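Q: Here the protein sequences come in this chain order: A and B. Every number in my numbering is 1 more than the matching position in the first sequence, counting from 1. Every number in my numbering is 1 more than the matching position in the second sequence, counting from 1. Got a structure here, written out as structure tokens. Questions coming.
There are 2 protein chains.
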Amino acid sequence: MHGNSSPDDKLEALPFGPFDPAQDRTLELGLRRWVHDQTGLDLGYVEQLYTFGDRNRDPMESEGGPRVISVAYLAFVRESRLSGAGNALWRDWYYFLPWEDWRSGRPAMIDEVIFPALRQWVRRARDSASRRESTERCDIAFGCGEALWTPERVLERYELLYEVGLAEESERDNQRKKMQPLGPKAVHERGDMSGQGLGCSMAFDYRRILATALGRLRGKVKYRPVVFELLPAAFTLSQLQRVLEALAGARLHKQNFRRLVETGGLVEGTGRMDVQTGGRPAEIFRFRREVLRERPAPGVGLPGLAIRQI
Amino acid sequence: MHGNSSPDDKLEALPFGPFDPAQDRTLELGLRRWVHDQTGLDLGYVEQLYTFGDRNRDPMESEGGPRVISVAYLAFVRESRLSGAGNALWRDWYYFLPWEDWRSGRPAMIDEVIFPALRQWVRRARDSASRRESTERCDIAFGCGEALWTPERVLERYELLYEVGLAEESERDNQRKKMQPLGPKAVHERGDMSGQGLGCSMAFDYRRILATALGRLRGKVKYRPVVFELLPAAFTLSQLQRVLEALAGARLHKQNFRRLVETGGLVEGTGRMDVQTGGRPAEIFRFRREVLRERPAPGVGLPGLAIRQI
DNA sequence: GTAATAGTGTCTTTCAGACAGTATGAC
DNA sequence: GTCATACTGTCTGAAAGACACTATTAC
């Protein structure tokens, strides 16, 4: 979700609100309250993500502003409800993290922009030890060499792109804190990557938060049936597959997927049929709550998620 | 780890410290600094856990004290280093959560104390809908009925015990906030469970934090090689198995465990042998870092972890 | 008929989970 | 020898991953 109460109007931002200890019994209730106040929406599934408190995450801090600590939450909202909800509007998250979307094949920017930049960055490392370490980091994050592309390493990838200078934010943040000494991690000399920014940048460290959320969700979907929070009570297997593919950012093998969720006891068919959409009518399925008792970690152990395309 | 800077001296507590935005660039660096200042320890592996901010988690709040927000972290410290480290001392976490330790079989207290209390609690539910819901919660958390005992549901179990009144903390907290209206979740009438407290209680909501940590670690160990942060660089497979069993709170099948970690590429043998400990000498193994590239989620998919004993 | 979507059957390989058994030390 | 720990071999059944194939709609 997107709220445009951002510092300057051009920047994309996540919705945020204050926490008022006097008013809200818990952090989560506080979240629900201000989301409701700002947008009229009542959140369903909500999960605490991570607490961000790095220095200068709010650029105003370098001009004497206070340190801002944000407790980030991940929440689901049905797209249909969003129209006319305050000043929030809908955004595909791959608009901000386009390299994460492999649904129509491996994104070209990975080979054309990211890999060259990573190689250049590795070459600029101070010594051979840090060069080796950097190579390993790149390999694991982006699945170079023998390594596989692992969908849930979203944050590792974003942080690498940020360090390399492929995220507009890194350029912006650097201008603001140029008086600050470099941390121990900055073992690379700075290169000029301006204009190479990938995906739409966001205010503050919001893109990092978004990356945290996507990574967490991709991981969680495997051992908890969170997908069903994103679907109506009744759905077809194709719908379920499309939602999972949107989360995973990859295509799934249709037949195996069907078998996985059906024989895995995650869903059950109702006898009913879907209204036609240009093909054979699909059966309507529903989530089998009982699976929570039967299996210790009921999720979709996404088949062939490690890179293989359909 | 245990720090005794607790409100009254009798209560067990987790170590904690203030966050000083002026001094610390990040929350994690702040953590490392005050742990060092208080105990002289330099933390190794550190992971942010969860941020706790419920009303009255600090009992002083009901007497006009401020709302305390705690960003909890999980960190590893080698036991040997702990002797004489400030006023911190070592505690087995099963001292606080004894029902979580199945290493010497199913703890008797589950059948003798917990199940009767849960059944009584379910019976006291207002209506049949909430009774059904409560039954399902108990089944899933504690593996009753057809459900399996799932080691990582530590927090769900603790919260249930707290609600049921089997945690001393719930009695204590209730006395302090008796003027407060009941939340929507309190659909059960209150029973008298005093004196039935299970495990050692802790100050504030620290036992909830501990339960969060154990649950998270049990989950994480399956898809990230965190175990090796708890072991020296060289170890025997038996040592590795013992550490994993301590985390999982369950016995693992020895032969399958060996095969799993060896053929899974998680460890590799050095030719060297261990000093004898009353049996055939064991080979010394080490962690194979390369596994991070080879497998998307390299961890120990703990074999037979779902209840089965050796 | 074609195009498009939905759904079935089956084969192979891999691996978890269990079995029993052997090897090398201390005593 | 016994006891204790370390390690090996193998069987079985359940899945993952891939194959080809049939079914029902709209046009």
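Note that CB positions come from ideal geometry on N, CA and C, so glycine has one too. From a predicted model like this one, the values you see are computed outputs, not experimental measurements.
Which residues share a DSSP beta bridge with Phe236 (chain A)?
A: Indexing the first sequence from 1 puts residue 236 (chain A) at position 235. The partner list for Phe236 (chain A) (beta bridge, DSSP) reads A:Phe286.
Q: May I ask you to report which of helix, strand or coil DSSP gives Glu147 (chain A)?
A: One-based indexing of the first sequence puts residue 147 (chain A) at position 146. Glu147 (chain A) falls in the coil class under three-state DSSP.
Q: Classify Met61 (chain A): buried if its beta carbon has 16 or more other beta carbons within 10 angstroms, exposed otherwise.
A: The sequence position of residue 61 (chain A) within the first sequence is 60, counting from 1. Classification for Met61 (chain A): exposed.
Q: The segment 12-29 of chain B: which residues have C-beta closer than 7 Å to a C-beta of chain A, in chain order?
A: Going along the segment 12-29 of chain B in chain order, one finds Pro22, Arg26, Thr27 and Leu28 with a Cβ nearer than 7 Å to chain A.
Q: Looking at chain B, is there any beta carbon in it that lies within less than 8 Å of the beta carbon of Thr52 (chain A)?
A: Locating residue 52 (chain A) in the first sequence gives position 51, counting from the first residue. So yes, Thr52 (chain A) belongs to the interface.
Q: Could you spell out the range, first to last residue, of the alpha helix (DSSP H) harbouring Glu263 (chain B)?
A: What you label residue 263 (chain B) is simply residue 262 of the second sequence in a count that begins at 1. Taken as a continuous stretch (DSSP letters only), the alpha helix (DSSP H) holding Glu263 (chain B) covers Lys255 to Thr264.
Q: With a cut-off of 8 Å on the beta carbons, I'd call Ile285 (chain B) and Arg273 (chain B) a contact; round off their distance for me.
A: Here the question's residue 285 (chain B) lines up with position 284 in the second sequence. Here the question's residue 273 (chain B) lines up with position 272 in the second sequence. With a Cβ gap of about 4 Å, Ile285 (chain B) and Arg273 (chain B) count as contacting.
Q: Does the beta carbon of Gly45 (chain A) sit closer than 8 Å to a beta carbon anywhere in chain B?
A: Position 44 of the first sequence, counted from the start, is the residue given in the question as residue 45 (chain A). By this cut-off, Gly45 (chain A) is not an interface position.
Q: Alpha carbon to alpha carbon, how far is Leu50 (chain A) from Ala1 (chain B)? Give it in angstroms, no decimals.
A: The question about residue 1 (chain B) has no answer, for chain B in this structure spans 2 to 311.
Q: Please report the straight-line C-alpha distance between Ser63 (chain A) and Asn57 (chain A), rounded to a whole angstrom.
A: Position 62 of the first sequence holds residue 63 (chain A). Position 56 of the first sequence holds residue 57 (chain A). Ser63 (chain A) and Asn57 (chain A): Cα-Cα distance of roughly 6 Å.
Q: When we look at the beta-carbon of Thr40 (chain A) and count the other beta-carbons within 10 Å, is it buried (16 or more) or exposed?
A: Position 39 of the first sequence, counted from the first residue, corresponds to residue 40 (chain A). Counting Cβ neighbours within 10 Å, Thr40 (chain A) comes out buried, since at least 16 surround it.
Q: Candidates A:Arg260, A:Phe20, A:Arg68 and A:Leu232: which alpha carbon is nearest Gly45 (chain A)'s?
A: If you number the first sequence from 1, residue 45 (chain A) lands on position 44. That would be A:Leu232, whose Cα lies nearest to the Cα of Gly45 (chain A).
Q: What residue does the alpha helix (DSSP H) around Thr271 (chain A) start on, and which one ends it?
A: On the first sequence, residue 271 (chain A) is found 270 positions in, with the first residue counted as 1. Counting along the chain, Thr271 (chain A) falls outside any alpha helix (DSSP H), though it belongs to the beta strand (DSSP E) covering Val268 to Met274.
Q: Select from the segment 285-305 of chain A all residues with a C-beta closer than 9 Å to any C-beta belonging to chain B, and list them in chain order.
A: Correct list: Arg290, Glu291, Leu293, Arg294, Glu295, Arg296, Pro297 and Ala298.
Q: So which residues of chain B does Asp140 (chain A) contact, with C-beta pairs closer than 8 Å?
A: By one-based count along the first sequence, residue 140 (chain A) stands at place 139. Within 8 Å Cβ-Cβ: Arg294.
Q: Using a Cβ-Cβ distance under 8 Å, would Pro182 (chain A) count as near chain B?
A: Position 181 of the first sequence, counted from the first residue, corresponds to residue 182 (chain A). Caution applies to Pro182 (chain A), whose pLDDT of 47 falls short of 50 and renders its modelled position unreliable; the value that the coordinates give is listed next. No, its Cβ sits nowhere closer than 8 Å to a Cβ of chain B.
Q: Return the CA-CA distance between Gly270 (chain A) and Arg290 (chain A), expressed in angstroms with no decimal places.
A: By 1-based counting over the first sequence, the position of residue 270 (chain A) is 269. By 1-based counting over the first sequence, the position of residue 290 (chain A) is 289. Rounded to whole angstroms, Gly270 (chain A) to Arg290 (chain A) spans 13 Å at the Cα level.
Q: What residues in its chain sit with their C-beta under 7 Å from that of Gly300 (chain A), if we drop five residues either side in the sequence?
A: In the first sequence, the residue the question calls residue 300 (chain A) occupies position 299. Cβ within range, chain order: Val222, Lys223, Tyr224, Arg225 and Pro226.
Q: So Gln49 (chain A) contacts chain B; which residues on that side make the cut at Cβ distance below 7 Å?
A: Against the first sequence, residue 49 (chain A) aligns to sequence position 48. Here the neighbours are Tyr51 and Thr52.
Q: Would you say Asp55 (chain B) reaches chain A, if we count a Cβ-Cβ gap shorter than 8 Å as a contact?
A: Locating residue 55 (chain B) in the second sequence gives position 54, counting from the first residue. Taking Cβ atoms only, chain A reaches closer than 8 Å to Asp55 (chain B), which makes this a yes.
Q: Compare the beta carbon distance of Leu199 (chain A) and Trp100 (chain A) with 8 Å and say whether it is the shorter of the two.
A: The residue labelled residue 199 (chain A) in the question sits at position 198 within the first sequence. The residue labelled residue 100 (chain A) in the question sits at position 99 within the first sequence. A contact, by the Cβ cut-off of 8 Å.
Q: The alpha helix (DSSP H) that contains Leu42 (chain A), what's its start and end?
A: As a position in the first sequence, residue 42 (chain A) is number 41, starting the count at 1. Note, Leu42 (chain A): premise wrong, no alpha helix (DSSP H); not H, not E.
Q: So Arg294 (chain A) and Asp140 (chain B) are in contact, right, with Cβ under 8 Å, and what is the actual spacing, rounded?
A: Along the first sequence, one-based indexing puts residue 294 (chain A) at 293. Along the second sequence, one-based indexing puts residue 140 (chain B) at 139. 6 Å between Cβ atoms; contact.
Q: Within its chain, find whatever has a CB closer than 6 Å to the CB of Ser135 (chain A); leave out the 5 residues flanking it on each side and keep chain order.
A: The residue given as residue 135 (chain A) occupies position 134 in the first sequence. Excluding sequence neighbours, Ser135 (chain A) sits near Val123 and Ala126.
Q: Can you check whether the C-beta of Val72 (chain A) is within less than 8 Å of a C-beta belonging to chain B?
A: Reading the first sequence from its first residue, position 71 is the one you call residue 72 (chain A). Answer yes: the Cβ-Cβ gap between Val72 (chain A) and chain B drops below 8 Å somewhere.
Q: Is the Cβ of Thr151 (chain A) closer than 8 Å to any Cβ of chain B?
A: Against the first sequence, residue 151 (chain A) aligns to sequence position 150. It does; some Cβ of chain B falls within 8 Å.
Q: Since Phe53 (chain B) sits in a beta bridge, which residues does DSSP pair it with?
A: Indexing the second sequence from 1 puts residue 53 (chain B) at position 52. Looking at the DSSP assignment, Phe53 (chain B) forms a beta bridge with B:Ser71.
Q: Going by the beta-carbon positions, is the gap between Leu15 (chain B) and Leu98 (chain B) smaller than 8 Å?
A: Taking the second sequence and counting its residues from 1, the one referred to as residue 15 (chain B) is at position 14. Taking the second sequence and counting its residues from 1, the one referred to as residue 98 (chain B) is at position 97. Not in contact: Leu15 (chain B) and Leu98 (chain B) (Cβ atoms no closer than 8 Å).
Q: Note down the Cα distance separating Gly265 (chain B) from Val165 (chain A), rounded to an integer number of angstroms.
A: Taking the second sequence and counting its residues from 1, one reaches residue 265 (chain B) at position 264. Taking the first sequence and counting its residues from 1, one reaches residue 165 (chain A) at position 164. If I take the Cα positions, the gap works out to 33 Å.
Q: Taking C-alpha atoms, which residue in A:Met110, A:Tyr159 and A:Ala168 lies nearest to Ala214 (chain A)?
A: In the first sequence, the residue the question calls residue 214 (chain A) occupies position 213. When only C-alpha atoms are compared, the closest one is A:Tyr159.
Q: Mind pulling the chain A residues with CB within less than 7 Å of Ala148 (chain B)?
A: The sequence position of residue 148 (chain B) within the second sequence is 147, counting from 1. Within chain A, the residues near Ala148 (chain B) are Arg294.
Q: Excluding sequence positions up to five away, which residues of its chain have a Cβ less than 7 Å from the Cβ of Gly220 (chain B)?
A: The residue given as residue 220 (chain B) occupies position 219 in the second sequence. Contacts found: Glu153.
Q: Let me confirm a value: Thr151 (chain A) is counted as buried when at least 16 other C-beta atoms fall within 10 Å, else exposed. Which label applies?
A: Taking the first residue of the first sequence as position 1, residue 151 (chain A) is located at position 150. Buried is the call here.
Q: Given a threshold of 16 other Cβ atoms within 10 Å of its Cβ, counted over all protein chains shown, does Gly31 (chain A) qualify as buried or as exposed?
A: Position 30 of the first sequence, counted from the start, is the residue given in the question as residue 31 (chain A). Classification of Gly31 (chain A): buried, given that the 10 Å Cβ count is 16 or more.
Q: Under a CB-based cut-off of 8 Å, is Arg208 (chain A) close to chain B?
A: Here the question's residue 208 (chain A) lines up with position 207 in the first sequence. Not closer than 8 Å to any Cβ of chain B, the Cβ of Arg208 (chain A) fails to qualify, so no.
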